[in-house]
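In this note's numbering, the protein residues as written are 18 to 636.
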């Protein structure tokens with residue numbers, strides 16, 4: 018009942034405010050604003066008892082409130098509607114915003130609506146100098162977009178509720194007597210206490226996740242019979258990608274005779290809300306605050322690498338590279354794990370650099386070297402026998418699996434998804450992106466794009482072979498239409514059409530390109546780089562360059578590889594080779610209008626690095 022009442026209050030107050038602003042009735046406007054302030058309609062704490070559906074609806078109303086307030090401050094602000102043949106769209110290009118109106122909006126929101134969102138508007142729309150940012154219009158419009166504000170407000174409420182529960186001691190080690198005693202003192206009982214996230218938020222996030230999955234199963238992909246759920250990546254798929262990449266990094270490091278360091282950086286005691294030892298000196302930091310603290314240290318380290326003194330340590334495949342994983346401690350405080358593969362001659366310098374930035378003590382920055390382990394009581398290093406030595410992958414994959422809610426269960430390394438609702442709640446409430454790489458860029462993106470291009474080309478060839486007559490007829494009609502449009506004047510374009518290899522040459526040209534005369538061609542024997550070239554080269558002149566791109570993309574496919582350990586041939590992705598060769602490719606970009614009708618830049622295709630020909634494989 019309370020949920021429904023609050024929703025009515027939110028929606029009715031939004032309508033009352035909008036009406037008062039349109040009538041330019043200052044007295045009525047102030048009256049509604051005071052009512053919003055008094056009832057704390059758009060505060061996080063007023064939504065703690067709501068489910069995600071109700072919270073998102075209130076977030077939608079907040080978008081309307083912000084837009085109505087801004088419109089009253091900026092009389093020139095109006096999204097001009099343009100009617101096209103298919104739809105009515107907003108002419109965002111001609112829209113301008115006023116710095117004075119933005120400043121007035123910020124003050125009004127701070128006084129009556131929500132101070133946190135006032136600060137968010139200020140930081141994203143205005144520079145520190147007070148001037149509008151270059152992308153100020155696009156950022157401001159996001160605060161007026163109902164769908165965006167539904168997500169933002171829901172995330173905001175979850176984050177604030179998590180911080181509230183951390184302050185109450187409801188997050189921590191359930192096996193620690195000192196933790197339970199503190200929690201019971203603050204809350205009368207420890208019924209809401211749980212590791213990583215409190216029980217109420219674990220349940221709340223689990224319900225939202227369940228509802229989201231049900232919705233995804235109902236939503237069909239445009240132009241496909243598949244649902245959004247069927248094509249969405251699972252945590253299991255993401256784990257496999259990181260597992261392949263991690264093994265490739267280890268393989269590359271071994272090939273180059275690199276060593277490795279496993280580094281753990283931890284926040285100071287005051288950032289810990291409910292430490293297991295009971296020594297609480299908590300400063301009220303949220304999950305994001307702890308993440309910002311360690312991220313700031315990491316950024317400082319990266320900045321040092323730009324200085325001449327440390328430039329030889331700048332991360333790259335030649336000096337040092339690896340992965341960073343964010344993991345929760347039991348009281349929800351973030352700590353970072355790094356696996357750093359590096360040149361043996363640089364290992365001690367990297368060791369000292371991390372210690373200098375993150376802290377000299379093992380509590381602040383613990384570093385395990387390859388071939389050693391730490392005595393947890395004394396902190397001394399103990400040299401391991403070869404048989405005891407753990408691999409770099411085994412160190413970091415444990416934390417990657419934890420971050421993705423998966424586990425490696427059997428002796429074959431089979432990965433299964435587990436119900437780790439407490440970890441999901443921690444990630445959701447903290448807004449944490451758990452896994453990242455350093456020393457190499459854009460490899461997983463290119464890897465996924467390569468697999469998409471390869472699979473699409475494979476499917477296209479299969480369809481062509483299966484429907485030869487229909488394809489031949491369609492192509493010939495297109496060729497005749499192109500030739501007719503060219504006329505006699507454009508001889509060059511006519512020659513181009515007659516020389517092209519696949520789309521304009523007809524099915525017979527396609528089979529000749531594969532050196533086959535029979536319809537019953539065994540398409541499984543056609544190399545994938547040939548399939549990609551046939552499907553993407555628009556004419557003969559492009560074939561050589563497209564083939565060079567396709568040969569890099571081929572490395573995203575499984576290939577036979579000798580396994581020394583088992584003395585057998587196994588099929589695996591040569592990811593290490595792809596990682597190196599992917600540097601030869603770069604993205605082509607294009608600007609487009611997104612759903613909010615504002616410009617955004619997206620990856621359009623892949624081309625050879627530095628190529629001026631314009632030849633690309635489109636994504």
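Glycine included, each C-beta is placed from N, C-alpha and C at the ideal position.
Beta-carbon to beta-carbon, residue 342 and residue 451 are separated by about 6 angstroms, close enough to satisfy the 8 angstroms threshold. For the pair of segments examined, the region 258-267 was found not to touch the region 314-331: the number of CB pairs separated by less than 8 angstroms stays below three. Contact check between the region 295-308 and the region 440-447: three or more CB pairs, one atom from each, fall below 8 angstroms, which counts as touching. Residue 94 sits in coil when the DSSP states are folded into three classes, being neither helix nor strand. Residue 352 and residue 469 do not touch by the CB rule: their CB atoms are close to 35 angstroms apart, not below 8 angstroms. By the CB criterion at 8 angstroms, residue 575 and residue 589 fall inside the cutoff. Residue 349 sits away from residue 418, with the two beta carbons spaced by 8 angstroms or more. In this structure residue 399 is exposed. Its beta-carbon is surrounded by fewer than 16 other beta-carbon atoms within 10 angstroms.
In this structure, DSSP gives residue 188 an extended state, which the three-state scheme calls strand. Burial check for residue 183: the Cβ neighbour count within 10 Å reaches 16 or more, so the residue is buried. The Cβ atoms of residue 39 and residue 49 do not sit closer than 8 angstroms to each other. Sorting 357, 314, 191 by C-alpha distance to the C-alpha of residue 374 places 314 at the top.
Taking the Cα positions, residue 87 is about 11 angstroms away from residue 160.
Counted as a single uninterrupted DSSP element, the stretch harbouring residue 365 is not any beta strand (DSSP E) but the alpha helix (DSSP H) occupying residues 364-375. In the DSSP annotation of this structure, the continuous segment of the beta strand (DSSP E) that includes residue 337 starts and ends at 337-345. Taking all protein chains in view, the Cβ of residue 192 is surrounded by fewer than 16 other Cβ atoms within 10 Å, so the residue is classified as exposed. The C-alpha of residue 214 lies about 31 angstroms from the C-alpha of residue 244. Taking the Cβ atoms as the reference, residue 579 lies roughly 6 angstroms from residue 586, within the contact range of under 8 angstroms.
Of the other Cβ atoms in all chains shown, fewer than 16 fall within 10 Å of the Cβ of residue 626; this residue is therefore exposed. For residue 592, there is no enclosing beta strand (DSSP E); the residue is part of the alpha helix (DSSP H) that begins and ends at 592-598. Beta bridge pairing from DSSP links residue 570 with no other residue. Residue 622: member of the beta strand (DSSP E) spanning 616-625, first to last residue. Of the residues 131, 223, 148, 93, the one whose Cα lies closest to the Cα of residue 120 is 148. With a 10 Å radius around the Cβ and a threshold of 16 neighbouring Cβ atoms, residue 317 comes out exposed. For residue 279, the enclosing beta strand (DSSP E) covers residues 276-283.
A residue is called buried when at least 16 other Cβ atoms come within 10 angstroms of its Cβ; residue 619 does not meet this threshold and is exposed. For residue 453, the pairing in a beta bridge is given by DSSP as 341. As summarised for the region 144-177, the continuous alpha helix (DSSP H) elements at least 4 residues long and confined to that stretch are 153-161, given in chain order. Nearest neighbour of residue 476 by Cα position, chosen from 185, 551, 202, 233, turns out to be 551. Going by DSSP, residue 359 is part of the beta strand (DSSP E) stretching over 351-359.
Between the region 540-547 and the region 595-614, the count of Cβ pairs shorter than 8 angstroms is below three; the stretches do not touch.
Rounded to the nearest angstrom, the Cβ distance from residue 200 to residue 187 is 6 angstroms, consistent with a contact under 8 angstroms.
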